[in-house]
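**Q**
What follows is the structure in structure tokens.
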């Protein structure tokens, strides 16, 4: 078995997972068991803000969504570095702080570029 | 009891599933990308397993980098695929045929 | 810390310049294309100067032994910078003629350069992986950046898929080696592996995966299948870059791996390299014969020549690696000139790449044809051109190691492959002239072609010099 002390530090993650899973099961399970079920066509059709659905849900997305998604992925993932950095900031000192500052500066330049070139405009 | 070989077996199995998918399930380029992602994640699992059992953090740090790089790779691959779709109107693997190795 | 930053000054300079140029591109948009191209050239010149100034400095490991800066790294980085410069200079004219000058092109090229320079300095799996991905991601973008076309995008899709497969293989190999040795840095891995008598399954599989990934990167058969399609589909200016710089970077990274942490496993990796090398030489010689497209022909030429380069790795030792490095640099030098000629091939404003389009070029453009002919003869290994010396040196180290059979086989494939290089010369001089090619002033192209041809010819004057330089460069690895 691996170092138990190392694995023990992941205990909060396990507890979080259990609570999250439990909550989901609890909420959906109880509403399945307790709530009245009287389906009719209006209830089972897709909910579209009170309108009848305009089109099937399997249609193609507007291509612009892809662009937004691509940009989102890239900027979203900086979090993977920011969290460990924030936790360890006390131990890594000024060098750690400035490393992240440089990283964020590079990211900001990328952001400025995509903004200036109009990648964020919808039309 | 789940031990290190179990994790490694899982990682190798996932890697093999990804590789098989890449070579045999050739319908859609998006599926190929998913297979590649699976292979990368299998490698990550192997890294984390080794790191955990050796009590060494370097392997886990490696995984952070792999994840970000894989995301950048996926973003670029999707962007290129989009470009390809605009020209060809399809992302089926058979449409990758105007250039023949 | 300041010594660490000073050690990676070339990479830092290149990266900072790329970011500054990116900001310029953001502000000025399309209009920035020319200034950004100039800025890119200035950045590369600056980096070359920095490299030259630090070339004599003693070797040092920085960033927790992740990055090593020694003569080997500096020499390869200088070659890389020159290759990037040539590619950038050659890209200017075609982009202007096609009206697709964009500031992004030089910027992404510079960023790819940062990754390549990192590859030859990496002394840690993490550094190697990140640097390799940095160059690969940039190259994916460049390959699919063709203005016109579905062909370019298709090449991009293929390159991304197979490139990602290669990095997945490498990553899994790294994970297995990490598991077997408990370390990611080259020095510790080597120490651990030296203490192992018979490597187990984990080490063997890790080595195999790692080498398979590297074989993709240097396009050795049977991992070469992306090469012809990507070379043919990518815009020619990008094919130029692909044929020059990434090969240097990958060979540098491979040398650091094989003669560093994996040295104790030489008994395992030599047979793998023999298979890769023999397969590359044979397949390239056979498949190259039927190619009608020059870019495709150059793809097979690359595959075959990577096979010959690997012969130097197989012979092993400082002499073997020096021979491999010398071979690689001679190859890159001649290929730069060949692509300068291919980029000159336009008729009525359209790009043509078929070999027959060169028919009778000696009549209309004698200088261009003479240059191309010299380069082709050098690639074929005809004495007394540089390509002959390069092949001679590689075969000689093999024979010194007693590997007669491999040397003879290499010689045989050289003879077969010579057919298709000499066919090009025949088309240039003896075929009925086609319509003349367009004339466009391009000083950069003329300069690259001149340097390439002169280099290939002038090596005759001092055949030993290049090899001596290569010997000095590889010394830190042994």
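Chains as they are written, first to last, in my numbering: chain A, 1 to 123; chain B, 1001 to 1101; chain C, 2001 to 2478. Cβ coordinates follow ideal geometry from the N, Cα and C atoms, glycine included.
Just to confirm, does residue 6/A get its C-beta within under 7 Å of one of the non-hydrogen atoms of the ligand COA?
**A** With respect to the ligand COA, the structure shown offers nothing to examine, as it has no ligands at all.
**Q** Count the other CB atoms, across all protein chains shown, that sit within 10 Å of the CB of residue 1094/B; report buried if there are 16 or more and exposed otherwise.
**A** Exposed, because fewer than 16 other Cβ atoms sit within 10 Å of the Cβ of residue 1094/B.
**Q** Using a Cβ-Cβ cut-off of 8 Å (strictly less than) and excluding sequence neighbours within five positions of residue 2384/C, which residues of its own chain qualify?
**A** Here the set comprises 2460.
**Q** Using a Cβ-Cβ cut-off of less than 7 Å, list which residues of the stretch 1059-1085 of chain B approach chain C; keep chain order.
**A** Taking 7 Å as the Cβ-Cβ cut-off against chain C, the residues of the stretch 1059-1085 of chain B that qualify are 1059, 1062, 1065, 1066, 1069, 1072, 1073, 1076, 1077, 1080, 1081, 1083, 1084.
**Q** With which residues is residue 2124/C paired in a DSSP beta bridge?
**A** Note: residue 2124/C sits in a beta bridge opposite 2185/C.
**Q** Determine the closest residue to residue 116/A out of 2457/C, 2026/C, 2044/C, with distance taken between C-alpha atoms.
**A** When each option's Cα is compared against that of residue 116/A, the closest is 2026/C.
**Q** Quick test of the definition: if touching needs 3 or more C-beta pairs under 8 Å, does the stretch 2289-2305 of chain C touch the stretch 2353-2365 of chain C?
**A** Result yes; three or more Cβ-Cβ pairs closer than 8 Å.
**Q** Quick check: what's the CA-CA separation for residue 2040/C versus residue 2096/C?
**A** Spanning the two alpha carbons is a distance of roughly 16 Å.
**Q** Out of curiosity, what's the CA-to-CA distance linking residue 2462/C and residue 2335/C?
**A** Their Cα atoms are separated by approximately 21 Å.
**Q** If you draw a straight line from the C-alpha of residue 1029/B to the C-alpha of residue 1091/B, how long is it?
**A** Taking the straight line joining both Cα atoms gives about 6 Å.
**Q** Just the Cα atoms here: how many angstroms apart are residue 2060/C and residue 2476/C?
**A** Their backbone Cα atoms lie some 11 Å apart in a straight line.
**Q** Count Cβ pairs between the stretch 2213-2232 of chain C and the stretch 2322-2331 of chain C that sit closer than 8 Å; are there 3 or more?
**A** Short answer: they don't touch.
**Q** Should the stretch 2234-2249 of chain C be regarded as contacting the stretch 2277-2290 of chain C, the criterion being three or more beta carbon pairs within less than 8 Å?
**A** Verdict: no, contact absent.
**Q** With a 10 Å radius around its C-beta and 16 neighbouring C-beta atoms as the bar for buried, classify residue 2269/C as buried or exposed.
**A** Looking at its Cβ environment, which holds 16 or more other Cβ atoms inside 10 Å, residue 2269/C is buried.
**Q** Compare the C-beta of residue 1046/B against all C-beta atoms of chain A and say whether one is closer than 8 Å.
**A** It does not; no Cβ of chain A falls within 8 Å.
**Q** So that I know if they touch, is there some Cβ in chain A lying closer than 8 Å to that of residue 2053/C?
**A** Taking Cβ atoms only, chain A never reaches closer than 8 Å to residue 2053/C, which makes this a no.
**Q** Starting from the C-beta of residue 2330/C, find all residues in its chain whose C-beta is less than 6 Å away, skip the five residues before and the five after it, and write them out in chain order.
**A** These residues qualify, in order along the chain: 2386, 2390.
**Q** For the alpha helix (DSSP H) holding residue 2452/C, just list the boundary residues, first then last.
**A** Segment 2443-2458, the alpha helix (DSSP H) holding residue 2452/C.
**Q** Excluding five sequence neighbours on each side, which residues of the same chain lie with their C-beta closer than 6 Å to the C-beta of residue 2086/C?
**A** Excluding positions up to five away in sequence, the list reads 2336, 2448.
**Q** So, is residue 2419/C buried or exposed, given that buried needs 16 or more other C-beta atoms within 10 angstroms?
**A** Exposed, because fewer than 16 other Cβ atoms sit within 10 Å of the Cβ of residue 2419/C.
**Q** Output the distance between the C-alpha atoms of residue 6/A and residue 1065/B, rounded to the nearest integer angstrom.
**A** Each residue's Cα considered, the two are about 21 Å apart.
**Q** Does the stretch 2134-2147 of chain C come into contact with the stretch 2100-2115 of chain C, if we say contact requires no fewer than three beta-carbon pairs (one atom in each stretch) closer than 8 Å?
**A** Yes, the stretch 2134-2147 of chain C is in contact with the stretch 2100-2115 of chain C.
**Q** Could you give the distance in angstroms between the alpha-carbon of residue 1036/B and the alpha-carbon of residue 2208/C?
**A** When rounded, the distance between both Cα atoms is 19 Å.
**Q** For residue 2058/C and residue 2394/C, what's the separation of their Cα atoms in angstroms?
**A** Answer to the nearest angstrom: the Cα atoms are 29 Å apart.
**Q** Nearest chain B C-beta to residue 66/A closer than 8 Å, yes or no?
**A** Chain B, which has a Cβ nearer than 8 Å to the Cβ of residue 66/A, makes this yes.
**Q** Between residue 2162/C and residue 1058/B, is the Cβ-Cβ spacing less than 8 Å?
**A** No.
**Q** Listed from N- to C-terminal order along the chain, which residues in the stretch 79-95 of chain A have their beta-carbon within a distance smaller than 8 Å of any beta-carbon of chain B?
**A** Listed by position, the residues of the stretch 79-95 of chain A near chain B (Cβ gap below 8 Å) are 80, 81, 84.
**Q** With distances taken Cα to Cα, identify the nearest neighbour of residue 2341/C among 2361/C, 2267/C, 2349/C.
**A** Minimum Cα distance to residue 2341/C is reached at 2361/C.
**Q** Which partner residues does residue 2061/C have in the DSSP bridge list?
**A** Answer by DSSP bridge pairing, in chain order: 2068/C.
**Q** Can you confirm whether the stretch 2060-2074 of chain C touches the stretch 2032-2048 of chain C when touching is taken to mean that 3 or more C-beta pairs between the two stretches lie within less than 8 Å?
**A** Segments in contact, no.
**Q** Quick check: the stretch 2185-2193 of chain C against the stretch 2225-2241 of chain C, are there 3 or more CB pairs under 8 Å?
**A** As far as the Cβ criterion goes, the stretch 2185-2193 of chain C does not touch the stretch 2225-2241 of chain C, which means the pair count is below three.
**Q** Suppose the cutoff is 7 Å on Cβ atoms and the five residues either side in sequence are ignored; what does the same chain contact list for residue 2092/C look like?
**A** So the list reads 2037, 2444, once near-sequence residues are dropped.
**Q** For residue 38/A, name the three-state secondary structure that DSSP assigns.
**A** Residue state, collapsed to three classes: coil.
**Q** What residues from chain A crowd round residue 2112/C, counting only those whose CB sits closer than 7 Å?
**A** Correct list: empty, because the minimum Cβ distance to chain A is about 16 Å.
**Q** Using only CA atoms, which one of 2014/C, 2138/C, 2401/C, 2199/C lies nearest to residue 2263/C?
**A** If we check each option's Cα against that of residue 2263/C, 2199/C comes out closest.
**Q** Counting C-beta neighbours from all protein chains within 10 Å, is the total for residue 2319/C 16 or more, i.e. buried, or is it exposed?
**A** Burial call: buried.
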